[in-house]
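The end of the sequence shown is residue 188 by UniProt numbering, with every number in the run present.
Where a beta carbon is used, it is the ideal one built from N, C-alpha and C, also for glycine.
Quantities reported herein were computed from a predicted structural model and do not represent experimental measurements.
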Amino acid sequence: ICEYQNGGCDNNATCSHPSNSNTVTCTCKPGYTDSDASSNVVCIDICEYQNGGCGNNATCAHEPNSNAVTCACKPGYTDSDPSPTKVVCIDICEYQNGGCDNNATCSHPSNSNAVNCTCKPGYTDSDPSPTKVVCIDICEYQNGGCDNNATCSHTSNSNAVNCTCKPGYADSDPSPTKVVCIGVYFAY
């Protein structure tokens, strides 16, 4: 029975039947899986059926004649599952902020693992290297650009800095945008 047109089985299936019986069993060959929910056996490449069990953000691969599937995250995604046997791909910025500082926003071009870290408002990058972003409060970095004898402050989520002269000092600069604090001397 199986010798004639593979017993009616799919080309990617193996036909078998018990002796003294006309019943045929079709079994998908390694590397293929049954994609038909009915009693018909329709064998397609294991990676073409539901992406081989890999998530939507992963690619599926397997060796020829093997059912062992390898899932790899697509560019722009990373594996968030610590298990060596399971791959859960999420946006690279959703996993540990993409490696960015906690006070930074992560972004990346689509289909890319190149992460861009941008300090949130109220924070500035204190690291001089072009590859690392270390975000600290804008007033903690070089006193926010204020005079050494001034106190820096800002409203939350804002990069607008207010410089106020410390007690014993007064602003000697008439411009409204710059504060230059000089000592105030009292004559007795």
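Contacts around residue i, its chain only, beta-carbon distance under 6 Å, and the 5 residues preceding and following it disregarded
i, result
"Ala170", "Val184"
"Ser126", "Val134, Ile136 and Tyr141"
Pick from the options that is closest to residue i, judged by C-alpha positions
i, options, result
"Ser112", "Val42, Tyr77 and Asn67", "Tyr77"
"Cys73", "Ile92, His62 and Pro30", "Ile92"
"Glu94", "Val87, Gly144 and Asp79", "Asp79"
"Lys29", "Ser126, Ala37 and Asn11", "Asn11"
"Val88", "Gln50, Tyr141, Cys71 and Asn157", "Cys71"
"Ser129", "Ile138, Gly144 and Cys117", "Cys117"
Same chain only: Cβ atoms within 7 Å of residue i, ignoring 5 sequence neighbours per side
i, result
"Ala160", "His154"
"Cys15", "Cys2, Asn6, Gly7, Cys9, Val24 and Cys26"
"Asn103", "Cys119, Lys120, Tyr123 and Cys135"
"Val179", "Cys146, Asp147, Ala150, Cys163, Cys165, Asp171 and Asp173"
Residues that residue i bridges to, as DSSP identifies them
i, result
"Val69", "His62"
"Ser16", "Thr25"
"His108", "Its beta-bridge partners do not exist; DSSP assigns none."
"Val161", "His154"
8 Å CB neighbourhood of residue i in its chain, flanking five on each side removed
i, result
"His17", "Ile1, Cys2, Gly7, Thr23, Val24 and Thr25"
"Asn65", "Lys29, Pro30 and Gly31"
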